[in-house]
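Below: one structure, written as structure tokens.
In the numbering used here, the protein residues as written are 385 to 672.
So this is what it looks like as structure tokens:
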């Protein structure tokens, strides 16, 4: 892409961020007087859709997000959030550190992102909020705990699946992939891994001639007698996503280096190795 076109795209992104900041100020002002707008989820969806259009991301969608479901997806990039968020009124679960990020954290909090402390997810408290959200929205989780290059799907950490057990919500797997406009090969620009910074990655996306994002909303899964532990839920959800993406279950994708993990808005660390992962439904108050 030429320098002039890249500069125009960057200018549009900055203007779009400015629009988001203006909306956040407006929402914050009304909220102080007890008049928080009810259209925030729809406004957020439209903001995500506009951002994808500015970045030149074409989105192919199969299926649709089902209200009242816990959406579980594989994780490749920070782009996953606007790409999926553009499709429906979806809230996201994020690590607490993101709340302190300049501008991005503020916008995410205003849009209704749920934040959790590292290593101490209070399932009981989060489940209460999720029940309210689930009446007409969905909550999106990325249980790999980090991003990868998209050539495979990392192991899903089972502890987040306690949310489905505690609330009784169905799980809807979401398979995400990025291709180039000219072919069907995985695009190397989309993954946000290793030593990437958000700004450097954004500039590469801006210079890119275009990405095609594929989002497959798969059939929801119910929790039953033969599917009632966190480990089983994690394995079967991952299996459905791997199958939808046409991958081998044992393919190991490239992930961030331990020295400098990808700073994604929703990366949540995995459970300590000694923590039991197969816990029957009911009575889960805290997952450390």
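Even for Gly, the Cβ is constructed at its ideal location relative to N, Cα and C.
Is it buried or exposed, residue i, if we count other Cβ atoms within 10 angstroms and call 16 or more buried?
i: residue 415; result: exposed
i: residue 410; result: exposed
i: residue 585; result: buried
i: residue 395; result: exposed
i: residue 528; result: buried
i: residue 399; result: exposed
i: residue 417; result: exposed
i: residue 571; result: buried
i: residue 484; result: exposed
i: residue 635; result: exposed
i: residue 551; result: buried
From this set, the options, which residue's C-alpha is nearest residue i's C-alpha?
i: residue 592; options: 440, 397, 398; result: 440
i: residue 557; options: 523, 590, 491; result: 523
i: residue 577; options: 594, 490, 461; result: 461
i: residue 352; options: 413, 470, 488; result: Residue 352 is absent from the structure shown; the chain starts at 385 and stops at 672.
i: residue 573; options: 463, 403, 477; result: 463
i: residue 465; options: 531, 423, 402; result: 531
i: residue 543; options: 533, 526, 536; result: 526
i: residue 606; options: 468, 458, 555, 459; result: 555
i: residue 603; options: 583, 387, 450, 397; result: 450
What is the DSSP secondary structure of residue i, reduced to helix, strand or coil?
i: residue 587; result: helix
i: residue 569; result: coil
i: residue 629; result: coil
i: residue 368; result: It is not possible to answer for residue 368, since the shown part of the chain is limited to 385 through 672.
i: residue 675; result: Beyond the ends of the chain as shown, which are 385 and 672, falls residue 675; an answer cannot be given.
i: residue 559; result: strand
i: residue 396; result: helix
i: residue 477; result: strand
i: residue 468; result: helix
i: residue 545; result: helix
For residue i and chain B, any beta-carbon pair shorter than 8 Å?
i: residue 544; result: Absence of chain B from the displayed structure is noted, only one protein chain being present.
My understanding is that residue i touches residue j, with C-beta atoms under 8 Å, so please give their C-beta distance in whole angstroms.
i: residue 548; j: residue 617; result: 6 Å
Is it a yes or a no for the stretch 616-623 touching the stretch 474-488, going by three-plus beta-carbon pairs under 8 Å? no
Would you call the stretch 435-455 and the stretch 482-491 in contact, with 3 or more CB pairs under 8 Å? no
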